[in-house]
Amino acid sequence: MGSTHPGFVGIEGYVVDETRNTLVIVGEKVWRVPKDICIFEFETEDGTKIKIPGERLVGRPEMRLKKRWRK
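The sequence shown begins at 4 in my numbering and counts up by one.
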């Protein structure tokens, strides 16, 4: 994970909860990470890695499903 805040760089773990502005990640410890200042890298079960800017994740999860994204 990348971030403009040095304390959030390199955090690894599983996303266990999400709010409008944060993700809760559990790894070596539990972190509540703000979405808007981070770039997240998610790894799928088949090993594919996906980078997503946190600004695209900001908002309530149920509202994001209705939003249309430009490529």
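We treat Cβ as the ideally placed atom computed from N, Cα and C, and that holds for glycine.
Distance, Cα to Cα, residue i vs residue j?
i, j, result
"Val12", "Met4", "6 angstroms"
"Ile55", "Phe45", "8 angstroms"
"Glu65", "Pro9", "30 angstroms"
"Thr22", "Glu58", "13 angstroms"
"Asp20", "Ile14", "15 angstroms"
Since residue i sits in a beta bridge, which residues does DSSP pair it with?
i, result
"Pro37", "Thr25"
Locate the beta strand (DSSP E) running through residue i, then write down its first and last residues.
i, result
"Ile14", "Looking at the DSSP string, Ile14 is not in any beta strand (DSSP E), and its letter there is neither H nor E."
"Lys52", "52-56"
Mind checking residue i: buried by the 16 CB within 10 Å criterion, or exposed?
i, result
"Lys32", "exposed"
"Val36", "buried"
"Lys52", "exposed"
If we cut at 8 angstroms on Cβ distances, does residue i have a partner in chain C?
i, result
"Gly13", "The structure shown contains no chain C; it is built from a single protein chain."
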